[in-house]
Every structure is written in structure tokens, then in C-alpha cells.
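Contents: one structure, followed by commentary.
Numbering (this note's numbering), first residue to last: 121 to 290.
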């Protein structure tokens, strides 16, 4: 089988903020629908804080939570104690289920480690600057090339307009 693509899926403000007080600092219904479409049927990797903020396993996806407290067993959730372990497990699950992509979905500490091994970034650029306590690393255009851009006006249930950009590693 071909190589399993490692994709980061993230929404980030103009000033790099992705979170505040354990949650996202916006409401983006349009983006949540895209997130679901991008990740459905694929293994998703997240940190424990991200899992806790979601509150339950994402349906129709193998959920892999990176946690140092492996005693916290969640039904329907695989645990790993490092990003490397999580990626290996996700790739194994992807191969068994016949998909060629795994998705890394946060939070800040996981993104900071994963950006060096990702093949693709699916970034929702939120067209505003916000206060927050969790950020995403700057995207280095020497390492990443834009392959798709979609401007998304704010819908009825969206706090801000967005620009969805897909980057592939150069």
C-alpha cells in the first residue's frame, strides 16, 4: 500500500491563536462541517486536553489520544504516550481500514511536534486577530507550498470569515 499521508487539520487566527481557556475562541459552523468531511473515516490524533475539550470520541473515526496518564481509559479511544507511538498506531489502523491518510487535530503541544513530520496542512485561516493562550507555529513558506485556497464568507453560525488553505510539504 502507498505511504500514509500525515495531515494536520487546524483553524488559526491571523496572530497564530488556536485556543483560549481550553476551547476555540470562535464559533465556525461552516468550518466544523469541513473538518468532519476531512476527517471522517480516518484515524485522528489529539492530545488529552483536546480530547477533554471535545468531551467524547469523534464518531466514525479511530480516536487516538496522546496522554501521559494512560490509566484514563475512554471507551472507543486508543491511547498513546507519545506522538511517535500515536502516529505508528494511526498508520496501522489506516492500513487495516484501507485509508491513506491520518489526521492530527490538536492541540498546541501536539501541533508543535507534528508540524515537522506532517506531509500536508489543512488550515482554516480565521480572518481576525484574537487573544488566546494556545498558538500554532508559523507556516514557513520555504517548507510549504499552497495547493488550494478557498475564501469562505462568514455564514449565519460563523463568528468570522475564513480562508481555507491546503499546504503540501515542498
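Even for Gly, the Cβ is constructed at its ideal location relative to N, Cα and C.
| query | result |
| --- | --- |
| Any contact between the stretch 274 to 285 and the stretch 239 to 254? By contact I mean 3 or more CB pairs, one from each, below 8 Å. | yes |
| Can you tell me whether residue 127 is buried or exposed? The criterion is at least 16 other CB atoms within 10 Å of its CB, across all chains shown. | buried |
| Please tell me whether residue 262 and residue 213 are closer than 8 Å, where the distance is taken between their beta carbons. | no |
| Is residue 131 helix, strand or coil by DSSP? | strand |
| I think residue 130 touches residue 256, with their Cβ atoms under 8 Å apart; what is that distance to the nearest whole Å? | 6 Å |
| Give me whichever residues DSSP pairs with residue 183 in a beta bridge. | 164 and 197 |
| Could one say the Cβ of residue 180 lies closer than 8 Å to chain D's Cβ atoms, at least one of them? | Chain labels in this structure do not include chain D; a single protein chain is all it has. |
| Thinking just about the alpha-carbon of each residue, which of 277, 250, 276 and 266 is nearest to the one in residue 136? | 250 |
| Using CA atoms only, rank isn't needed, just tell me which of 254, 241, 272 and 276 is closest to residue 265. | 241 |
| With three or more C-beta pairs closer than 8 Å as the rule, is the stretch 160 to 170 touching the stretch 209 to 229? | yes |
| Going by CA-CA distance only, name the one from 153, 224, 288 and 188 that's closest to residue 259. | 288 |
| Whole angstroms are fine: how far does the CA of residue 252 sit from the CA of residue 140? | 4 Å |
| Going by beta-carbon coordinates alone, are residue 233 and residue 209 separated by less than 8 Å? | no |
| Output the distance between the C-alpha atoms of residue 268 and residue 151, rounded to the nearest integer angstrom. | 16 Å |
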